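J.: Just so you know, the sequence shown maps onto residues 2 to 182 in the numbering used here.
Every residue, glycine too, gets a C-beta built ideally from N, C-alpha and C.
Fair warning: this is a prediction, and the values are worked out from it, not measured in the lab.
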Amino acid sequence: QERPVQVTVTQARNQILFRVWGKGGEARGAYHQVDLVSQLIDAKFPDYRAIIPKTHNTRTVVFKDALLQAVRVAHLFARDNANIVRLKIQPGNGEHQGILELLASSTEMGDNVNRLDAMVEGDELEITFNARYLIEVLSQIDEAQVVLETTQPNRPGTIRPLGMGLEEFLHVVMPMHPPAR
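#1: Could you compute how far the alpha carbon of V173 sits from the alpha carbon of A71?
#2: Give the straight-line distance between the Cα atoms of N115 and E127, rounded to the nearest whole angstrom.
#3: Who are the Cβ neighbours of K65 in its own chain at under 8 angstroms, not counting the five residues just before and after it?
#4: From the DSSP secondary-structure annotation, give me the bridge partner or partners of M175.
#5: Is the beta carbon of I85 less than 8 angstroms from the beta carbon of N131?
#6: Could you tell me the boundaries of the beta strand (DSSP E) in which Q12 lies?
#7: So the candidates are L103, G99, G95; which of them puts its Cα closest to the Cα of K89?
#8: Taking the alpha-carbon positions, what's the Q153 to H178 distance?
#9: Based on the DSSP secondary-structure assignment, which residues constitute the bridge partners of G158?
#10: CB-CB under 6 angstroms to R87, same chain, minus the five flanking residues each way: which ones, in chain order?
#11: Should I160 be labelled buried (16 or more other beta-carbon atoms within 10 Å of its own) or exposed?
#12: Going by C-alpha distance, which of Q34, L167, Q12, I17 is nearest P5?
#13: Suppose the cutoff is 7 angstroms on Cβ atoms and the five residues either side in sequence are ignored; what does the same chain contact list for L41 look like?
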């Protein structure tokens, strides 16, 4: 059950005080108050744009729901292997669409392989990501298709909804370095 609350924000020298209060539901007339204090940081933050890839060698467009489902299944297999999911991206050849293949391994459950049709432009690539991070970003996207842009197996990639610009929504995903077999 939602109840209205009041919020005040006060800035002091080196801190900000957020005060939130509202009428409680347990006892008549009871008020609950929460104070949050945050220190202001007087520092120069690193330029996050430096890690965003400027170009890509491979561009993969895939249906978001199919990819999310495939990653969730792969995650079940990848849990005891540092959540590592391997993506094999293969461009089409004119007659066939490209393929996005997801692979995950478990010593107890075996291997999981899931192949998705995708529109792939550019080079063939194999790259590994943490399944949890893929699930997190894909769960936040409402559009039907997503774009995965990659350069090399050891460089970050980007994920965004198809049709949205880089300024609207862009998620940088760092590759994993799987242990040697």
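T.: With the given structure in hand:
#1: 20 angstroms
#2: 14 angstroms
#3: Closer than 8 angstroms at Cβ, skipping near neighbours: L139, I142, E144, A145, Q146, V147, P162.
#4: Bridge partners of M175: none, in fact.
#5: yes
#6: 6-12
#7: Nearest C-alpha to K89: L103.
#8: 12 angstroms
#9: V174
#10: L104, T129
#11: buried
#12: Q34
#13: N15, Q16, I17
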